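Quick notes on the structure that follows.
See the structure below:
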């Protein structure tokens, strides 16, 4: 029997009702979803927001919207609570562990808000499937993350750069837009719940940035690692939304050049 | 005039960078984890300051633009706005079509 951190690493994410990712729906479940929201491709916050904006009266669309976001809140409870345990084995400040505990509780509150919102629409957790984010704290997702980031996702520096700063930074726009939608259609509960989440997300991003700065302080190699995984993470998201920026292209062109120089210029290094 | 970021309170969320119509806010290519505005390409639109969640972006009243660079930046911003408008219009039309398929009564209202 290993330490709690070792045991947690191999334990999959669990929830009651269990995670039901949209990618693995049966034919029958898929048809049921399509009858409610059109196509499976519509099951994402941005499309659902536009659909609600076009038809305020369809309460199913609101349930689907909250369901598409709440998967990430449950995944957040799972992911941040793992960090509280696992990061005790890393040389990080104790305040960072406390910050992760606080974030776990924040995600619990966000999940509670989502449950309350769904109930107000006559819905419940499990009625709609989970988005890609659902149940991704376990070992399988970790291997995928490692491949995507080209670095160790369990390293606090890597996790903070990608989850706290890059992902939660981007989530600010999602929460703001959802809160605005609530204001636009006169749904005060939707407006206030996501305004509340937005405020927490600002704090999470600030926490991430603060500790990344601490870990990287005076260490350009660590800072480069943090930048590199942040860029990879953002490139992946931008690839999904088609909003690739020129700066990210430039960053990876520079990375390639640096790599080529490192490989092509070891004449001096080898001689040394 | 141009805008400038106070690096002390900046939390590197990247909202300003992703909202900038001239992509003149840099992060990955600064060599450091800092968001920096290239004032030469800042068209003074103020979108960055508006979206900043910690209010750390403000006017730099001392910056003087080189007119030809500013004109180029404004052209870039117009192209960006056009792209965004077209994309939003297409997405809105797709969403409207989707809700009409779900609720045929909406189609007959049109």
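Chains as they are written, first to last, in our numbering: chain A, -19 to 252; chain B, 166 to 275. Where is the CB? At the ideal position from N, CA and C, for every residue including glycine. Remember, predicted model here, so these are calculated numbers, not experimental data.
Is there a Cβ from chain B that is less than 9 Å from the Cβ of residue i?
i	result
residue 30(A)	yes
residue 33(A)	yes
residue 252(A)	At residue 252(A), the pLDDT of 27 sits below 50, so the modelled position is not reliable and the matter cannot be decided from this model.
residue 110(A)	no
residue 180(A)	no
residue 172(A)	no
residue 203(A)	yes
residue 247(A)	In this predicted model, residue 247(A) has a pLDDT of only 37, less than 50, meaning its place in the structure is not dependable enough to derive any value.
residue 90(A)	no
residue -9(A)	no
residue 101(A)	no
residue 161(A)	no
residue 175(A)	no
residue 146(A)	yes
residue -17(A)	no
residue 227(A)	yes
residue -1(A)	no
residue 12(A)	no
residue 194(A)	no
Quick one: give me the first and last residue of the beta strand (DSSP E) that residue i is part of.
i	result
residue 223(B)	222 to 225
residue 167(B)	167 to 170
Between the Cα of residue i and those of the options, spot the shortest distance and give me the residue it belongs to.
i	options	result
residue 209(B)	189(B), 180(B), 221(B), 174(B)	189(B)
residue 177(B)	267(B), 247(B), 222(B), 226(B)	222(B)
residue 138(A)	29(A), 209(A), 39(A), 41(A)	209(A)
residue 167(B)	187(B), 183(B), 204(B)	204(B)
residue 185(A)	204(A), 233(A), 143(A)	143(A)
residue 145(A)	207(A), 73(A), 173(A), 105(A)	207(A)
residue 268(B)	40(A), 128(A), 60(A), 236(A)	40(A)
residue 173(B)	260(B), 220(B), 257(B)	220(B)
residue 60(A)	45(A), 173(A), 46(A), 76(A)	76(A)
residue 195(B)	181(A), 213(A), 244(A), 200(A)	200(A)
residue 93(A)	53(A), 148(A), 130(A)	53(A)
residue 218(B)	-13(A), 231(A), 72(A), 183(A)	183(A)
residue 213(B)	270(B), 257(B), 170(B), 258(B)	170(B)
residue 216(B)	246(B), 183(B), 252(B), 227(B)	183(B)
Rounded C-beta distance between residue i and residue j? I'm assuming under 8 Å.
i	j	result
residue 1(A)	residue 109(A)	7 Å
residue 195(A)	residue 211(A)	Not confirmed; about 18 Å, so no contact.
residue 180(B)	residue 169(A)	Contact doesn't hold; Cβ gap of about 25 Å is too wide.
residue 175(B)	residue 191(B)	Not quite, the Cβ-Cβ distance comes to about 13 Å (not below 8 Å), so this is no contact.
residue 263(B)	residue 186(B)	Not quite, the Cβ-Cβ distance comes to about 29 Å (not below 8 Å), so this is no contact.
residue 18(A)	residue 266(B)	6 Å
residue 150(A)	residue 217(A)	6 Å
residue 31(A)	residue 260(B)	5 Å
residue 162(A)	residue 176(A)	Not a contact, Cβ separation roughly 11 Å.
residue 203(A)	residue 197(B)	7 Å
Does any C-beta atom of chain A lie closer than 9 Å to the C-beta of residue i?
i	result
residue 183(B)	yes
residue 179(B)	yes
residue 191(B)	yes
residue 221(B)	no
residue 264(B)	yes
residue 169(B)	no
residue 210(B)	no
residue 176(B)	yes
residue 235(B)	no
residue 247(B)	no
residue 261(B)	yes
residue 267(B)	yes
residue 226(B)	no
residue 238(B)	no
Terminal residues of the continuous alpha helix (DSSP H) containing residue i?
i	result
residue 198(B)	Unbroken run through residue 198(B): none, as it is neither H nor E.
residue 253(B)	232 to 267
residue 30(A)	25 to 34
residue 176(A)	168 to 196
residue 48(A)	39 to 66
residue 150(A)	148 to 165
residue -12(A)	-16 to -11
residue 228(A)	226 to 244
residue 15(A)	7 to 17
Taking the CB atoms as reference points, tell me whether residue i and residue j lie closer together than 9 Å.
i	j	result
residue 48(A)	residue 111(A)	yes
residue 165(A)	residue 79(A)	no
residue 87(A)	residue 57(A)	yes
residue 43(A)	residue 98(A)	yes
residue 253(A)	residue 25(A)	This structure cannot settle anything about residue 253(A), because the visible part of chain A is limited to -19 through 252.
residue 234(B)	residue 193(B)	no
residue 141(A)	residue 205(A)	yes
residue -15(A)	residue 69(A)	yes
residue 65(A)	residue 191(A)	no
residue 45(A)	residue 28(A)	yes
residue 249(B)	residue 34(A)	no
residue 154(A)	residue 213(A)	no
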